[in-house]
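What follows is a set of notes on a single structure, which appears directly below.
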Amino acid sequence: EIFDIVSALETAEGKGTTFYSFLNTTKSADEKAIAKAYRKRSLELQQHVYIYSPDKNPNDKKIQDRFARLGVIANILKDAEKRKHYDFFYDNGVPKWRDYYSRYRPGLGAVLAGLTVFSCFIHYVFLYLTFRVSKMRIAQFRHQALEAAWGPTKKPLAGRKRLKVKTQEQGDAIGMPGVNAGRPIAAGTTIEMVVEGDKVFIV
1 EIFDIVSALE TAEGKGTTFY SFLNTTKSAD EKAIAKAYRK RSLELQQHVY IYSPDKNPND
61 KKIQDRFARL GVIANILKDA EKRKHYDFFY DNGVPKWRDY YSRYRPGLGA VLAGLTVFSC
121 FIHYVFLYLT FRVSKMRIAQ FRHQALEAAW GPTKKPLAGR KRLKVKTQEQ GDAIGMPGVN
181 AGRPIAAGTT IEMVVEGDKV FIV
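At position 45 of the sequence shown (counting the first as 1) the number is 45 in my numbering, and the numbers step up by one without a gap.
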């Protein structure tokens with residue numbers, strides 16, 4: 001808000017015009033002095049009817065804007081927090097990159113693009129998590145198959161051995177490629193596998 005008012009004030013009143021100079025007061029003025037300066041400035045503007053008074057010339061937008069700007073500036077200077085903010089830039093100068101302080105209002109295209117990117121990201125995360133879970137489940141099935149085929153020796157056997165492995169009680173709600181046609185696996189489902197050496201194949 002402050003940057004917009006500063007810009008509008010300099011455009012209308014001339015470069016270098018400050019809130020204080022527009023009210024004909026100084027930076028050291030307290031709240032009462034600001035209120036007094038505002039009333040005095042309002043009367044001064046009203047005396048110049050042919051230029052400034054919106055009551056005499058209500059159709060002149062510039063006049064209306066000038067009075068409105070005077071009120072906004074007075075309110076800013078009477079608000080301690082806003083005045084502190086303004087005084088900082090009064091002392092240090094308003095940055096040329098003031099637009100960065102303005103609120104960004106994205107258009108419909110930007111919103112749709114943002115939603116698309118966000119949706120793609122969520123989809124990627126879901127696929128990655130599904131891949132990780134499937135990889136862990138396949139490793140678990142492989143371990144179960146090798147353990148059942150090798151027996152107590154825990155050593156690879158010659159030839160092939162066909163066996164059935166049951167899923168755990170929780171099953172697999174997501175499903176895995178190559179197992180049950182990729183559909184979710186119910187708890188206690190039997191999966192047929194073939195073990196050859198240390199290799200495991202799902203039938």
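In this text, a Cβ means the ideal position worked out from N, Cα and C, and glycines have one as well.
Here the structure is a predicted model, which means the values were calculated and not measured.
C-beta contact flag for residue i and residue j at 8 Å
i	j	result
L163	M136	no
R142	E196	no
L9	F22	yes
L77	I34	yes
L157	D198	no
Straight-line Cα distance separating residue j from residue i
i	j	result
G114	R66	40 Å
T25	F19	9 Å
T116	F131	22 Å
Y90	G107	33 Å
S134	G93	60 Å
T17	F126	57 Å
Q64	Y124	55 Å
F3	S119	36 Å
Y128	T153	37 Å
T189	F201	17 Å
S28	R83	12 Å
W150	Q144	10 Å
I138	A148	15 Å
K203	Q140	Note that residue 203 is Val in the sequence shown here, rather than Lys. C-alpha separation (whole angstroms): 16 Å.
Environment of residue i [buried if 16+ CB atoms lie within 10 Å]
i	result
R39	exposed
Y86	buried
V6	buried
V165	buried
I122	exposed
A74	buried
V111	exposed
A37	buried
A68	exposed
Short CB-CB distance (under 8 Å) between residue i and chain B
i	result
A29	Absent from the structure: chain B. Only one protein chain is present.
Enclosing beta strand (DSSP E) for residue i [first to last residue]
i	result
K15	K15 -> no beta strand (DSSP E), and no H or E assigned at all.
E147	No beta strand (DSSP E) holds E147; the alpha helix (DSSP H) holding it covers 108-150.
V203	Counting along the chain, V203 falls outside any beta strand (DSSP E), and DSSP gives it neither H nor E.
T190	190-196
Segment limits, alpha helix (DSSP H) that includes residue i
i	result
K161	Counting along the chain, K161 falls outside any alpha helix (DSSP H), though it belongs to the beta strand (DSSP E) covering 160-166.
E81	80-92
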